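Asks: Line by line, the protein sequences are chains A and B.
Be aware that the first sequence starts at 1, since it is given in my numbering, and climbs by one per residue.
Be aware that the second sequence starts at 521, since it is given in my numbering, and climbs by one per residue.
Before we start, here is the structure in question, set down as structure tokens.
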Amino acid sequence: MTIARYSWRALLVFAASFLAAASALPAQVYRRVDPAPFPHERHAKLFPTCSGCHDGQVTGDPSTVMPPASLCEKCHDGKTKPRVPYTTPTPRQDFLRFRHAAHASEVDTASRQCASCHATREGAPWMSVRRATPESCLGCHTHRASAHLANDNRCTTCHIPLAQSTTITAGEIDSLPKPTSHNDARYVSQHGGEAKEGVERCATCHARESCARCHVNASTLPAIQAMLPDARVKSLMRWRVASYPTPDDHRTEGWESAHRKAASGATATCATCHAQSSCTTCHIGELGRDVIRRLPDGRDGAPGVRLGLPPTATLSVPFATPVHAPTRATGQQRDAAGGLFMNVALRDTTPKMVRPHPDGFARNHAASAASGKLTCEGCHTQRFCADCHAGESKRAFHVANFVVRHAANSYSRDLDCAGCHNTEVFCRGCHQAQGIAARGRSGGTYHNGQPLWLLQHGQAARQGLEGCATCHAQRDCMKCHSQRGWGVSPHGDDFDATRLGARAKAMCARCHLTDPTRGR
Amino acid sequence: MSSARLERSRAARGTAMTELRAVTRSSQPLRTPRAARVVGVLLALGAVSTPLVAQGIRISGTTWVQSIDLRPLEQDSLLAAQVAGEGSSRRTSDGQLVQCPASSAWCFFSTSGARETTTPLLQDLSLAAWGLGRGVSAQAHLRARSALGGTAARWPRADDHLDALDAFVQVDRAAGRLRVGRQWATNGLGAYNFDGGALLLRRGAHSVEAYGGRALAQGLNETYRSAEIGAVDELPPDQNGNLVGVRLRLRPSDLTALSFVYQRVIAGDRSGLYSERVAADATTRLFGVVIDANSTFDVAGNDVNEARLRLSRTLPRALQLSLEARRHRPFFELWTIWGAFAPVAFDEARAELGWRGAAARLQLSAHGAYRKYEDTDADVGFLPLRTTGWRTGLDASWLFNDRLVASASTAADIGFGSSRSDANAGVRWRASERLSLGGSVSALQSIYEFRVGTGRVFGATADASLRLTPETRITVDGGLYHHRLTNDAPGTNWSQRRASVRLEWTIGSDPGLARGRP
């Protein structure tokens, strides 16, 4: 059988095979949208060649690739045969690099027939055809991949870049089959190397917008810029969630305060998911500025990887109200390998909650701040410290109306009040203003719960002297505890007068008429 | 110092105090030190001229007006003959506890006076200018206080009209930093501000800093001879102080950091010291345990003021455990006599356990601590006071959704001088990105300083915060607190009404990397 003799029939079989095979293929992209497939097998005795109907596949003439409806009407005229609904099929989409015209000579010289690709099986009856499958190509082409969607396949041999296809629709793009490698849960976090080496392969199914869905630094990555933009992909990505694998080190304890080295050494990696706004959620100062500047700019930052500070206690007054709310928990999931992923809608601006400092940090930050483990000034101005340590302008530390309940805290010293408040002025000044402080009175009436307070006050004073000093001035005590008064010594057994006197003799002189350290 | 000199000093001090008290505080001139004012003027000039040469200037302000309505405590008396009973401690017919000194024909008692309202105003202004040269920047934090009405004297420092908390210029390079002006020295000893200079030298992650200048009293931001101290104590320091210090920071590894500070405040005439202190701080992580340690030492008194060791570890099932051992003994500067009164330390053990649910929506934590005081050698056997204390607390926070968060807590603190138990609950609703609403209720029972006739306080607050622009926010809040006396005894009434309006704003350039955090 020569191609000239059977070309029209073979081509008809070839075309029909696309229709027949559609349901067997996994992806919608292979399915034609024609209303009804042509029943090739029922016409097997009628057409001796493929090219009789599909001559254009060999000649390259698009007008004769598919037969016109008038050809059917020669028999299906309503008299000889009943009329059938038939419209000329739409041209095949151009997603494939394959061209029949280019293969025509090979078919001829290799003595292969259209049925080589389009027969439903080996030895199938004439015109028992289907659409050619990708494996048909792989059988001849030299790289001989193991399977169509296998990782060792070269997509570009048969496919043009997706963005160059003018006929493939967004719906078809959405249904493109996924290579097997993409099913690996770790692929999303490891695809970088593959993409750099063969971005053309990626471009078979992806456009620039596919990458920009997650890569906030897409505009700076050569591999992504090498891909073409595509409006259809863009429309698909608009509502597609971004998928961010959470790196293992991000889940280590204290990562928020220990990521300096990683961020400095691999800033480009950070930029995959994070924009400057991720960092500036906490870094509002100088710390890390040079590194942060290497990240993508933009106020919105990475979709789905926006960070926010956690809400503060509601029992305090509202000035520490966070701008952001915590992220939705439903976006997180674990893959089979135990990796943590966060899938977040592109337009979900809900930030992920970060805790730059552990719980209770306000109470326990002394060692971290003083030792220099945390570079406080990197994120905070001195005003931030002063808001509490010179704490009149911001009521963020104590609960509302702390003044009513602060007496117990003052005595128990859970916190060192003097770290922020001057006991003499702040406490005593207020106590005097409110009429609580003694202000020169003796035999006071304040400690009315202790009838023999005079006998008890020594123990109370030594256990809570700071509390005493919030009301009592020095002269109150000197009335008894000085040589100008009753001369009652307030010193303890281990009092080192020489040591103290060497540093502050004026203090001794407040109570002593003569130098108590003389002769010691 | 000779005895004669001391006497002259005391006489002079007494004269000064007499004169000082004769002058009303409000009539005194602004007490902003000259140096701070000079720096402030320079910064103000810089603010005008800076846009021409600098990359930016940023000014933020906080205006806060409060209204507090309360009944201050007053002393009252009645004839001893009108009070039945004998002895110095008696009760009147209506239950009022009174003190009747044997040498007086009167009995005395404290009671709440008439209701008064005070309306303090506080204005903070922060300025930052940068880009004045490589690493050159300037910063200032100014504070003004006043009272819009009511009884101004009821609010502390309402007549202290202007303060500069800091105002400095700095050059910050990789090798080090030089800072000149009013600034903070923040280290293991706390936060001190002073007028002077600080030079920080860096070598890798290690650094050494030397600083010095005219000292300001800690927590006061005023010089030692300021009228603030004189107003509350008849024996204020007669010399200003000069502060010198050196701080060494070492970073042996990413997980380990150490800091040592030596600092002293020297009396202006160099006759003595106001303080001489050392602090050591360290933090590291070993076998997954975060170890924080800090201590402060009073060289003059040869006492450890604070020693704290805290171990924290994350446990399975999202649990976090912290254990802490602490020793605390109060520190007093040497211009007061308090340090010679042999205050004793207490040792405390504390444990905290926290838990976070999925995505941290539900958080629970509990803590408990027990402390024991050293022997005072001043107790009276038949009138013992507690020598131990304990505290415990539970906290819970629940994020209903992205916009609604609720929290509750309860705590008890039992000690020798004052005890308290309380319960609090609050809710916050973020109605939009701009509007936040909150409310809380609280109940507490407190036993004040060796008093009877105290009681329970029930309170409720509400607040609203509205972001007018990205850089402007206004917040209003109000609260009612009702004090119910116990023991059927009249006494102090701490019922209060509070309200405040707060406006926060920022103008000027964005520093370039941040929208900033409110």
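We put the beta carbon where it would ideally sit given N, CA and C, even for glycine.
Here the structure is a predicted model, which is why all the values come from computation and not from measurement.
Measure the C-alpha to C-alpha separation of L176(A) and G192(A) and round it to an integer number of angstroms.
Replies: The straight-line gap from Cα to Cα measures roughly 21 angstroms.
Asks: When you compare each of L831(B), A932(B), S938(B), R948(B) to N921(B) by their alpha carbons, which one comes out closest?
Replies: The candidate whose alpha carbon is nearest that of N921(B) is R948(B).
Asks: Closer than 7 angstroms by C-beta to G595(B): which residues in its own chain qualify, once you throw out the five before and the five after it? Chain order, please.
Replies: In the sequence as displayed, the identity of residue 595(B) is Gln instead of Gly. Taken in chain order, the residues that qualify are F628, S630.
Asks: Mind reading off the beta-carbon distance from A625(B) to L599(B)? Whole number of angstroms is fine, and I expect it under 8 angstroms.
Replies: Going by Cβ atoms, the distance from A625(B) to L599(B) rounds to 6 angstroms, so yes, they are a contact pair.
Asks: Can you tell me where the alpha helix (DSSP H) holding H43(A) begins and where it ends?
Replies: Where H43(A) is concerned, there is no enclosing alpha helix (DSSP H), given that its DSSP letter is neither H nor E.
Asks: What does E466(A) reach in chain B if we use C-beta pairs closer than 7 angstroms?
Replies: Near E466(A) (Cβ distances below 7 angstroms), the residues of chain B are P850.
Asks: Kindly give me the distance between the Cβ atoms of A711(B) and E729(B), rounded to whole angstroms, as I take these residues to be in contact under 8 angstroms.
Replies: Not quite, the Cβ-Cβ distance comes to about 15 angstroms (not below 8 angstroms), so this is no contact.
Asks: May I have the straight-line CA-CA distance separating T912(B) from R881(B), to the nearest angstrom?
Replies: Their Cα atoms are separated by approximately 23 angstroms.
Asks: Please determine, among L873(B), R833(B), E742(B), R846(B), the residue with the shortest C-alpha to C-alpha distance to A390(A).
Replies: That would be E742(B), whose Cα lies nearest to the Cα of A390(A).
Asks: Reducing DSSP to helix, strand and coil, say where T157(A) ends up.
Replies: Here T157(A) sits in helix by DSSP.
Asks: Using the rule of at least 16 other Cβ atoms within 10 Å of the residue's Cβ for burial, across every protein chain shown, is K196(A) buried or exposed?
Replies: With fewer than 16 Cβ atoms within 10 Å of its Cβ, K196(A) is classed as exposed.
Asks: Determine the burial state of L806(B): buried for a count of at least 16 other Cβ atoms within 10 Å of its Cβ, exposed for fewer.
Replies: Looking at its Cβ environment, which holds fewer than 16 other Cβ atoms inside 10 Å, L806(B) is exposed.
Asks: Are three or more beta carbon pairs between the stretch 464-473 of chain A and the stretch 417-425 of chain A nearer than 8 angstroms?
Replies: Contact between the stretch 464-473 of chain A and the stretch 417-425 of chain A is present, because at least three Cβ pairs lie under 8 angstroms.
Asks: Got a sec: is the Cβ-Cβ distance from R1004(B) to anything in chain A below 9 angstroms?
Replies: It does not: the Cβ of R1004(B) has no partner Cβ on chain A nearer than 9 angstroms.
Asks: From what residue to what residue does the alpha helix (DSSP H) around A362(A) run?
Replies: Segment 361-364, the alpha helix (DSSP H) holding A362(A).
Asks: Around the Cβ of D818(B), are there at least 16 other Cβ atoms within 10 angstroms (buried) or fewer (exposed)?
Replies: Buried is the call here.
Asks: With D812(B) and A362(A) assumed to form a contact (beta carbons below 8 angstroms), what rounded beta-carbon distance in angstroms separates them?
Replies: Going by Cβ atoms, the distance from D812(B) to A362(A) rounds to 14 angstroms, so no, they are not a contact pair.
Asks: What would DSSP say about Q463(A), mapped onto helix, strand or coil?
Replies: It is helical.
Asks: Tell me, please, whether the CB atom of R428(A) is closer than 9 angstroms to any CB atom in chain B?
Replies: Output row for R428(A): interface = yes.
Asks: Pick helix, strand or coil for Y411(A), following the three-state DSSP scheme.
Replies: Reduced to three states, the DSSP call for Y411(A) is helix.
Asks: Here's a check: name, in chain order, each residue in its chain whose Cβ is nearer than 6 angstroms to the Cβ of R828(B), leaving out the five neighbours to either side.
Replies: Excluding sequence neighbours, R828(B) sits near N814, R846.
Asks: Any Cβ of chain B within less than 9 angstroms of the Cβ of C420(A)?
Replies: Interface residue, yes.
Asks: CA-CA distance, R521(A) and R213(A)?
Replies: Shown here, chain A extends from 1 to 520; a query on residue 521(A) therefore has no answer.
Asks: So F898(B) contacts chain A; which residues on that side make the cut at Cβ distance below 8 angstroms?
Replies: A small fix is needed here, since residue 898(B) is Ala in this sequence, not Phe. Within 8 angstroms Cβ-Cβ: G458, Q459, A461, R462.
Asks: Please determine if the stretch 754-766 of chain B and the stretch 788-799 of chain B are in contact, where contact requires at least 3 C-beta pairs separated by less than 8 angstroms.
Replies: A contact exists between the stretch 754-766 of chain B and the stretch 788-799 of chain B.
Asks: Name the chain A residues whose beta carbon is nearer than 7 angstroms to that of W858(B)?
Replies: Those within 7 angstroms of W858(B) in chain A are L465, A469.
Asks: Mind checking A604(B): buried by the 16 CB within 10 Å criterion, or exposed?
Replies: So A604(B) counts as exposed.
Asks: Using a Cβ-Cβ distance under 9 angstroms, would I1027(B) count as near chain A?
Replies: It does not; no Cβ of chain A falls within 9 angstroms.
Asks: Spatial neighbours of R976(B) within its chain, please: CB distance less than 6 angstroms, with the 5 preceding and 5 following residues excluded, ordered by chain position.
Replies: The residues are Q965, R1004.
Asks: Roughly how many whole angstroms lie between the Cα atoms of G888(B) and F866(B)?
Replies: Whole-angstrom Cα-Cα distance: 16 angstroms.
Asks: Under DSSP, the alpha helix (DSSP H) around C627(B) begins and ends at which residues?
Replies: Counting along the chain, C627(B) falls outside any alpha helix (DSSP H), though it belongs to the beta strand (DSSP E) covering 626-632.
Asks: Is DSSP giving G419(A) helix, strand or coil here?
Replies: Three-state result, G419(A): helix.
Asks: Say whether chain B places a C-beta atom closer than 9 angstroms to the C-beta of P296(A).
Replies: Taking Cβ atoms only, chain B never reaches closer than 9 angstroms to P296(A), which makes this a no.
Asks: Going by alpha carbons, who is nearest to T180(A) out of G198(A), D152(A), H206(A), C158(A)?
Replies: Considering only alpha carbons, the answer is D152(A).
Asks: Considering only residues of the stretch 599-671 of chain B, which uninterrupted beta strand (DSSP E) runs meet the minimum length of 3 residues and lie entirely inside it, listed in chain order?
Replies: As far as the stretch 599-671 of chain B is concerned, its whole beta strand (DSSP E) runs of at least 3 residues are 609-611, 617-619, 626-632, 636-650, 656-670.
Asks: Could you list which residues in chain A have their beta carbon closer than 7 angstroms to that of T981(B), in chain order?
Replies: Those are A400, listed as they occur along chain A.
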